[in-house]
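Residue numbers (the UniProt record's numbering), protein chains in the order written: chain A, 1 to 163; chain B, 1 to 149.
For reference, the structure is listed below as structure tokens.
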């Protein structure tokens, strides 16, 4: 039969040393939880204030979230800085391997793959028009890529995808 | 394989969170705690199942959760140390009629909680009628009354 401790008149398996140690660990755990909430509020664990990126390129202004969650849709927006008769957006193929493209607005005219780049051609768009891409992250960790409006230089995009 | 891995990861993550939160957090379930539990279950469900709502997916997940529970209960039987860390130990709140304030504070319990337990379980009217009050591993408070003279 297992031994039962006695405390006063009580047969009880109490252990104040264990309880004290556990309370200390619990306090550390609470702080860790508060820290997690704080990081979440700041946008370091997902979309939010510190996660939001606004990158100005030559022909494009790109807005996206740096911190993403796996399998959770995110929006990448590219605003044209000039009128374009036949705008062509190029994206690194490696970048798109990390995402599933859920939708592109406005509807592209044509999509091709050339020299390791996705080329997405649109009908004429005027200055200020926004191309929206709804992407679903498919891999965790750092994801890097670039986005360009031909023939302008590319804008670098960096994400970190949480599992 | 995914439901099994997800099941195992979440089982241990939730166990850690609830142990850190302390036994008082959800043991005395109020109406709001109940709603909170439902929300937690719904949130966890989203992660658990992803897009796999197949019979085999659900079955492997449920079996993983229950299997881990059985396995850990067996391991706990063999290791008292592990049992302490997983299930905690009882905490004495009133010892021979003396209120242990430090234990009450650290366990996030006040006298009214003890008096409530004393009234409901023993029909005790006053604090000085309590000999022992113990915060049990389950989070409930048990009360031993003083013997009548």
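Glycine included, C-beta positions come from ideal geometry on N, C-alpha and C.
Check, Outcome
"Rounded to the nearest angstrom, what separates residue 42 of chain B and residue 35 of chain B at their Cα positions?", "11 Å"
"Starting from residue 12 of chain A, find everything on chain B with Cβ-Cβ shorter than 8 Å and list it in chain order.", "90, 92, 134"
"Verify whether the separation of the beta carbon atoms of residue 80 of chain A and residue 125 of chain A is less than 8 Å.", "yes"
"My understanding is that residue 92 of chain A touches residue 117 of chain A, with C-beta atoms under 8 Å, so please give their C-beta distance in whole angstroms.", "6 Å"
"Could you check the C-alpha separation between residue 44 of chain B and residue 38 of chain B for me, to the nearest Å?", "10 Å"
"Pick helix, strand or coil for residue 24 of chain A, following the three-state DSSP scheme.", "helix"
"Between which two residues does the beta strand (DSSP E) harbouring residue 78 of chain A extend?", "74-80"
"Can you tell me whether residue 86 of chain B is helix, strand or coil according to DSSP?", "helix"
"Beta strand (DSSP E) containing residue 64 of chain A: first to last residue?", "60-65"
"Taking 7 Å as the limit between beta carbons, can you name the residues of its chain near residue 75 of chain B, skipping five residues before and five after?", "82"
"For residue 133 of chain A, report the span of its beta strand (DSSP E) as first-last.", "130-137"
"How about residue 110 of chain B: is its C-beta nearer than 8 Å to some C-beta of chain A?", "no"
"Under 8 Å between C-beta atoms, does residue 57 of chain B make it to chain A?", "no"
"Since residue 15 of chain A and residue 89 of chain B are thought to touch, with beta carbons under 8 Å apart, how far apart are those beta carbons, to the nearest angstrom?", "5 Å"
"Could you pull the start and end residues of the alpha helix (DSSP H) that residue 63 of chain B belongs to?", "55-78"
"Cβ atoms of residue 92 of chain B and residue 134 of chain B: under 8 Å apart, would you say?", "yes"
"Would you kindly work out how many angstroms separate the C-alpha atoms of residue 152 of chain A and residue 113 of chain A, rounded to a whole number?", "18 Å"
"With a 10 Å radius around its C-beta and 16 neighbouring C-beta atoms as the bar for buried, classify residue 51 of chain A as buried or exposed.", "buried"
"Spatial neighbours of residue 68 of chain B within its chain, please: CB distance less than 7 Å, with the 5 preceding and 5 following residues excluded, ordered by chain position.", "8, 11"
"Out of curiosity, what's the CA-to-CA distance linking residue 115 of chain B and residue 125 of chain B?", "8 Å"
"Could you check which residue in A/147, A/163, A/67, A/35 has the C-alpha nearest to that of residue 61 of chain A?", "A/147"
"Determine, using beta carbons only, whether residue 29 of chain A comes closer than 8 Å to chain B.", "yes"
"Confirm, please, whether the CB-CB distance from residue 155 of chain A to residue 55 of chain A is below 8 Å.", "yes"
"Going residue by residue through the UniProt domain \"YetF C-terminal\" (78-148) of chain B, where are the continuous beta strand (DSSP E) segments of at least 3 residues, counting only ones entirely within it?", "91-95, 130-135, 141-145"
"Here's the rule: buried if 16 or more other CB atoms are within 10 angstroms of the residue's CB, otherwise exposed. What is residue 99 of chain A?", "buried"
"Please decide whether residue 106 of chain B counts as near chain A, where near means a Cβ-Cβ distance under 8 Å.", "yes"
"Along chain A, which residues have their Cβ under 7 Å away from the Cβ of residue 95 of chain B?", "8"
"For residue 5 of chain A, does the three-state DSSP call read helix, strand or coil?", "coil"
"Determine the contact status of residue 96 of chain B and residue 131 of chain B, defining contact as a CB-CB distance below 8 Å.", "yes"
"Could you give the residue range of the alpha helix (DSSP H) that holds residue 15 of chain B?", "2-21"
"For residue 138 of chain B, count neighbouring C-beta atoms within 10 Å of its own C-beta (all shown protein chains included) and say buried if the count is 16 or more, exposed if not.", "exposed"
"Provide the residue(s) that pair with residue 84 of chain A in DSSP beta bridges, ordered along the chain.", "A/125"
"Please classify residue 109 of chain A: does DSSP put it in a helix, a strand, or coil?", "coil"
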